[in-house]
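Below is one structure; the comments refer to it alone.
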Amino acid sequence: MPLELRQARRDRQLVSRRLLPGEDEDQADVAMDTKTLEEDVIKLFHKLLHSGSQKEVHLKSMSKVLQNPSAQLTFIKQENSMHFLVGLLTGSNAACRLQAARCLLELSHSPHASVAPACVPSTPYLLTYLSGQSTKFTVLCLYTLGNLCPADVVRDKLVAQGIIPALANCVENQRHNLAVVEAAGFTLSQLLQTKDAEKKLIPMVLASSLPSHLLSVLTPDPEFGLAAAIECAWCLHYLTCTESVENNKALLSRGALLACGSLLVSLGGAVAEGNQEDGMELLICPLLRCVGNLLSSCPVETLSSHVGDVRVVVALVALLQAYLQTQPALARECTWVLNNLTAHSTTFCSALVTFNLVPGLIQLLPFSQGINTMVLRVLANIAYKERQSCVQLAHLGLLPALWATLKMADREMVTLGMDVLFMLVVSDTKVAEEFVRQGGISLLEALQYNSEEEIRQRAAHLLERHLLPFSTDVLDSTFS
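Going by my numbering, the final residue of the sequence shown carries number 483, and the count climbs one at a time with no gaps.
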């Protein structure tokens, strides 16, 4: 996954710990004097212990104070503090329950490792409340659980307490409530990123109804925006990142490749028309990863039916060109998916030619950052799968582009370039003659002195077996 997109995801609080949207504004009201902070926490806690009708007010003040990491440590050190807070969370006063949940959310957001384990007594109740009807309260519980998941001791408890079926039931019951779905997606993504997820958690997730619900949310809602779709797409990405082919086949059977590919077609069309919504790249990136990973597990004979719309190649090229300058890592992901699509499919190779996308790809060969390497692989796939397209590739300007490629210092590019050149010149004598006419003999002769033995051997083979016989004909036609 592109590093900058991971960072953007953290900056937007789409991964790591999260507070509720809009909660940051309250932080301006919090007193940050560390000398009196400990005293403030202790005083507030004692007020909570002995107050009656003012409990809600004191809880609200406590939730603000707990935004400070030092205050969080002070609070959990107070005798029976967590037991008391859980009592308020489970009490009959709805307003106090909400404020207690806010306090737990702040604690779950703590950078201190000792705070999350202290919150364990609250987790069974947080899970129970996921079946409630209040959107605000359910979202609070979900974000708190998501923040606590990275701690090993808490995660083990949550798994034993049934967090996976609880999330599945929550999403199923609230599937039309995108605020809840987004929060559930966040919590699930936190679980799926943990070190033991592949062995312990992913099989449980795949055996549940969660994958189907995640796929159903992929289409962004025009009113709610991209947030829920983004969270669900990242969850699907983490599910496809395993080494298990069987896991990916389970997702294929649920139509994951078709759903992700279809959304990419829609997003590519929007981007091509100049409609780039803010944050769209955070949705595009996991979708690309899902498609690329699933393609590697998809049987060749059913690839076209699993992908569906061949226009996905049009979308990929549109996204590639749109993000080439601003997000080169994302552009490279597009070329990686194009390579996976064309490596085993004549259909998608033909689509690149039919939709006249090859000239645009050829223009990308001078680019670095791994983009040109993947583009050359895609062109090699076309030449290999579609031998009749080799002459067309030459007519579209691939020969002079290969000439420039063979002059590069990049060993991989030169080797790939000679592979593509070989396929072109053996496909039709006219292509070989044209390459010789463009001065290809001298270029390959120079490569015979390259420091890499493999490159020297390939250059010699091309010259002696496929190009030198045409050099006399070219000279004759030049001087006749």
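Ideal placement from N, C-alpha and C gives every residue a C-beta, glycine not left out.
- For ASP312, the three-state secondary structure derived from DSSP is coil.
- Straight-line measurement puts the Cα of SER84 at about 34 Å from the Cα of GLU234.
- Spatial neighbours of ILE458 in its own chain (CB-CB distance under 8 Å, excluding positions within 5 residues in sequence) are listed in chain order as ARG414, VAL417, THR418, MET421, LEU450.
- Residue state for GLY282 is assigned as coil, using DSSP reduced to three classes.
- In this structure, GLU59 is the residue among GLU59, MET283, HIS309 with its C-alpha nearest to the C-alpha of SER95.
- Taking 8 Å as the cut-off, the beta carbon of THR408 is found closer than this to the beta carbon of LEU368.
- The segment 233–252 makes no contact with the segment 270–280; the number of CB pairs closer than 8 Å stays below 3.
- Look at GLY373 here: in three-state DSSP terms it is coil, with no helix or strand label.
- Sixteen is the threshold: since fewer than 16 other Cβ atoms of the shown chains lie within 10 Å of the Cβ of GLN366, the residue is exposed.
- Checking the DSSP bridge columns, you'll see GLY228 partnered with ASP224.
- Between the C-alpha atoms of GLU280 and ALA232 there is a straight-line separation of about 13 Å.
- Contact check between the segment 344–354 and the segment 300–308: three or more CB pairs, one atom from each, fall below 8 Å, which counts as touching.
- Secondary structure at SER307: helix, using DSSP grouped into helix, strand and coil.
- Boundaries of the alpha helix (DSSP H) harbouring GLN75: 72–80, taken from the DSSP string.
- Taking the Cα positions, ASN176 is about 30 Å away from ASN296.
- In the structure shown, ALA346 falls within a coil segment according to DSSP collapsed to helix, strand and coil.
- When DSSP states are grouped into helix, strand and coil, ASN150 belongs to the helix group.
- Taking TRP237 as the centre and dropping the five residues before and after it, the same chain places the C-beta of SER192, PRO289 closer than 7 Å to its C-beta, in chain order.
- Looking from the CA of THR190, the closest CA among ALA463, LEU129, LEU255, SER445 belongs to LEU129.
- DSSP places LYS46 within a helical segment (H, G or I) once states are collapsed to three.
- Taken in chain order, the complete alpha helix (DSSP H) segments of 4 or more residues contained in the segment 385–449 are 393–398, 401–409, 414–430, 432–440.
- In the three-state DSSP reduction, THR197 falls in the coil class, being neither helix nor strand.
- Residue ASN359 holds the alpha-carbon nearest to the alpha-carbon of SER392 among ASN359, ALA412, LYS203, GLN70.
- Following the DSSP letters along the chain, one finds ASN251 inside the alpha helix (DSSP H) bounded by residues 248–256.
- The DSSP-derived three-state label of ASN180 is coil.
- At the C-beta level, LEU194 and CYS152 come within 8 Å of one another.
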